[in-house]
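Visitor: Number 98 in UniProt numbering belongs to position 98 of the sequence shown; there are no gaps in the numbering. I am attaching a structure below and will ask some questions about it afterwards.
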Amino acid sequence: MEQAQTNAQRIYDQVLTFATIYGGRIVLAIITLIIGLWLIGWAMRGLAAVMTKRHVDRDVQPFLLSLLNAVLRILLLLSIASTLGVQTTSFVAIIGAAGLAVGLALQGSLANFAGGVLILTFKPFRVGDLISAQGFTGNVEAIRIFDTILLTLDNKTIILPNGPLSTSSITNISTKGIIRVDQVYTVGSQNDLDATKASIQRVVDACPYALKDRQHDVLIAKLNANSREYDVRVWTKSDTYWDTYYYMLENIARQFGRDGIEAPKPKMFITNEE
1 MEQAQTNAQR
11 IYDQVLTFAT
21 IYGGRIVLAI
31 ITLIIGLWLI
41 GWAMRGLAAV
51 MTKRHVDRDV
61 QPFLLSLLNA
71 VLRILLLLSI
81 ASTLGVQTTS
91 FVAIIGAAGL
101 AVGLALQGSL
111 ANFAGGVLIL
121 TFKPFRVGDL
131 ISAQGFTGNV
141 EAIRIFDTIL
151 LTLDNKTIIL
161 PNGPLSTSSI
171 TNISTKGIIR
181 VDQVYTVGSQ
191 NDLDATKASI
201 QRVVDACPYA
211 LKDRQHDVLI
221 AKLNANSREY
231 DVRVWTKSDT
241 YWDTYYYMLE
251 NIARQFGRDG
261 IEAPKPKMFI
271 TNEE
């Protein structure tokens, strides 16, 4: 009986000593945890409101918020561990080593992720825009966090990684809303110059996609020995670029046939040598 009382007293003394040494730290750690979680939640809500106000794309908001939330929670846990007297140097080293290993293993995916964030934030193009990038031309069907989906004019789906896409040249055909369709037509030099220009001009004037408030050009670009080249420049809306392009090709060919405009004819020079 006396031994049991002695053991109980020893346990009581140890608990009292522990509470005396660490009680304040534990209370402070709990308070820090509660206040820290509240502050992180408040910061996340404020940041979400700012992103919405600044029209940051809704697709990228969850990724940025979850990433920042995870980083802040890790910092909070390290702060609490430091409050309890735990040495955090080893934890920081482990986290750093793990982050380096994951970064090396997923460097391609991380580059695509960063590229997706840049594209969604700065918006060099939007869904529906007609762009030329990475050797492909088509309409942007979707912008995702790791890649961009392009629908080409022949209805092929092209998936472009956002990493290279964000660091390479992009031609956005739809940015200004209007665009100029440039084409070159070659005819034989035997055709009358004014008649050829008038033939092309008829098609330009009849084109339903050509903007009426813009000056369209039919210009002689080059004179060759047996041919002439004409630059034809027609302004149209961005979303009717290809309609205009193919309309001009087909109808100029038809108009040349009706007006008797002929293709270049090769010339052969024969010399008599005795």
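Cβ coordinates follow ideal geometry from the N, Cα and C atoms, glycine included.
Under 7 Å between C-beta atoms, does residue 125 make it to chain B?
Guide: The displayed structure is made up of one protein chain only, and chain B is not part of it.
Visitor: To the nearest angstrom, report how far apart residue 82 and residue 111 are at their CA atoms.
Guide: 34 Å
Visitor: Closest to residue 79 by CA distance: which of 147, 205, 29 is it?
Guide: 29
Visitor: For the beta strand (DSSP E) that residue 183 lies in, which residues bound it at each end?
Guide: 178-188
Visitor: Measuring alpha carbon to alpha carbon, tell me which residue in 125, 247, 145 is nearest residue 138.
Guide: 125
Visitor: From 262, 181, 114, 74, pick the residue whose C-alpha is nearest to that of residue 217; which is it?
Guide: 181
Visitor: Measure from the alpha carbon of residue 43 to the alpha carbon of each residue in 172, 27, 66, then state which is nearest.
Guide: 66
Visitor: Hey, is the segment 192-207 in contact with the segment 155-167, meaning 3+ C-beta pairs nearer than 8 Å?
Guide: no
Visitor: Secondary structure at residue 146, three-state DSSP: helix, strand or coil?
Guide: coil
Visitor: Quick one: is residue 168 buried, meaning 16 or more other Cβ sit within 10 Å of its Cβ, or exposed?
Guide: That one is exposed.
Visitor: Sort 154, 145, 262 by Cα distance to residue 195 and report the nearest one.
Guide: Taking only the C-alpha atoms, the option nearest residue 195 is 262.
Visitor: What does residue 141 pair with, by DSSP beta-bridge criteria?
Guide: Its beta-bridge partners do not exist; DSSP assigns none.
Visitor: Assign residue 254 to buried or exposed, taking buried as 16 or more other Cβ atoms, counted over all protein chains shown, within 10 Å of its Cβ.
Guide: Answer is exposed; the Cβ neighbour count stays below 16.
Visitor: Does residue 205 come out as helix, strand or coil in the three-state DSSP assignment?
Guide: It is helical.
Visitor: Start and end of the beta strand (DSSP E) containing residue 316?
Guide: This structure leaves residue 316 out entirely; the chain is present only between 1 and 274.
Visitor: Is residue 227 helix, strand or coil when you go by DSSP?
Guide: strand
Visitor: Below 8 Å on the Cβ atoms is my guess for residue 227 versus residue 187; work out the distance and round it to an integer in Å.
Guide: 7 Å
Visitor: On the premise that residue 158 lies in contact with residue 150, defined as a C-beta separation below 8 Å, what is that separation, rounded to the nearest angstrom?
Guide: 4 Å
Visitor: Going by C-alpha distance, which of 208, 222, 220, 214 is nearest residue 251?
Guide: 208
Visitor: At what residues does the beta strand (DSSP E) containing residue 130 begin and finish?
Guide: 130-133
Visitor: Indicate whether residue 120 and residue 173 have their beta-carbon atoms separated by less than 7 Å.
Guide: no
Visitor: Quick check on the DSSP output: the alpha helix (DSSP H) that includes residue 172 runs from which residue to which?
Guide: Run containing residue 172: none in the alpha helix (DSSP H); it sits in the beta strand (DSSP E), 170-172.
Visitor: Look up residue 218 in the DSSP assignment and say whether it is helix, strand or coil.
Guide: strand
Visitor: Per DSSP, residue 233 forms a beta bridge with which residues?
Guide: Per DSSP, 182, 217.
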